[in-house]
Amino acid sequence: MNMTQKFKSVAPALAGVILIPSCSAIGLGNPLHPSHGQEPKYAVESIQRGKASWYSVKTNAGGRTASGASLSNHSATAAHKTLPMGTQVRVTNESNGKSEVVTITDRGPFVKGRIIDVTSGAAERLGFLKRGIAMVKGEVLKRIKI
38 MNMTQKFKSV APALAGVILI PSCSAIGLGN PLHPSHGQEP KYAVESIQRG
88 KASWYSVKTN AGGRTASGAS LSNHSATAAH KTLPMGTQVR VTNESNGKSE
138 VVTITDRGPF VKGRIIDVTS GAAERLGFLK RGIAMVKGEV LKRIKI
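Here my numbering is used: the first residue of the sequence shown is 38, the next is one more, and so on.
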């Protein structure tokens with residue numbers, strides 16, 4: 038193989054290595070570029086404080102939620118008595134400051150004094166799975182248009 042043939046086979050590979058990163062730099066592959074959907078922005082609509090507990094597929098007596106969605110122990114979902122299905126809530130454990138945004142997909146809790154039931158996975162990430170109950174701040178989030 039002579040030098041011209043070698044160059045012809047290497048040239049497309051080099052062009053790809055050079056072009057792909059440059060596309061990202063100009064926004065064609067950049068996830069922060071507006072055409073690719075930035076992180077949604079939220080405003081706090083209301084705040085609730087009270088006790089949170091957790092539930093799971095086993096304690097829910099099945100894998101379906103009130104919204105009809107499948108319940109997964111590891112998902113970032115929750116049950117609330119009155120918030121509309123699909124509402125986003127930032128739940129913050131007031132004893133350790135850990136927080137997670139959950140989506141309301143179910144109804145409950147049905148125990149006096151509790152404001153929200155999160156999945157067992159969310160409770161673990163929030164740091165209260167073993168205790169079972171925690172004092173939390175629930176910030177109801179409303180998506181805002183930019």
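Glycine included, C-beta positions come from ideal geometry on N, C-alpha and C.
Presumed contact (8 Å Cβ cut-off) between residue i and residue j, rounded CB distance
{"i": "Ser107", "j": "Arg101", "result": "7 Å"}
{"i": "Thr156", "j": "Ala115", "result": "7 Å"}
{"i": "Lys118", "j": "Arg86", "result": "Not confirmed; about 15 Å, so no contact."}
{"i": "Ala89", "j": "Val173", "result": "4 Å"}
{"i": "Gly169", "j": "Ile84", "result": "Rounded, the Cβ-Cβ distance is 23 Å, inconsistent with contact."}
{"i": "Ile183", "j": "Lys95", "result": "With a Cβ gap of about 41 Å, Ile183 and Lys95 do not count as contacting."}
{"i": "Lys135", "j": "Gly164", "result": "5 Å"}
Close Cβ partners of residue i (< 6 Å) along its chain, the five nearest in sequence each way excluded
{"i": "Ser132", "result": "none"}
{"i": "Ala80", "result": "Lys179 and Ile181"}
{"i": "Ser72", "result": "Model confidence at Ser72 stands at a pLDDT of 46, short of 50, so the residue's coordinates are unreliable and nothing is read from them."}
{"i": "Arg162", "result": "Glu137"}
Start and end residues, beta strand (DSSP E) containing residue i
{"i": "Gly158", "result": "No beta strand (DSSP E) holds Gly158; the alpha helix (DSSP H) holding it covers Ser157 to Leu163."}
{"i": "Lys174", "result": "Ile170 to Ile181"}
{"i": "Glu82", "result": "Lys78 to Tyr92"}
{"i": "Thr114", "result": "Thr114 to Ala116"}
Residue from the options with nearest C-alpha to residue i
{"i": "Val177", "options": "Val126, Ala103, Ser104 and Ser93", "result": "Val126"}
{"i": "Ala160", "options": "Ala171, Arg151, Ile152 and Gly150", "result": "Ala171"}
{"i": "Thr129", "options": "Val139, Gly150, Ser112 and Arg168", "result": "Val139"}
{"i": "Thr142", "options": "Asp154, Gly169 and Gly123", "result": "Gly123"}
{"i": "Glu82", "options": "Leu120, Ser93 and Gly150", "result": "Leu120"}
Cβ neighbours of residue i in the same chain (closer than 8 Å, five flanking residues each side left out)
{"i": "Gly105", "result": "none"}
Residues near residue i in its chain [Cβ-Cβ closer than 7 Å; skip 5 each side]
{"i": "Ile152", "result": "Gln85, Gly87, Lys88, Ala89 and Gly175"}
{"i": "Lys167", "result": "none"}
Problem - Sequence ranges, beta strand (DSSP E) only - wholly within the stretch 123–162, length at least 3 - result: 125–130, 136–143 and 151–156
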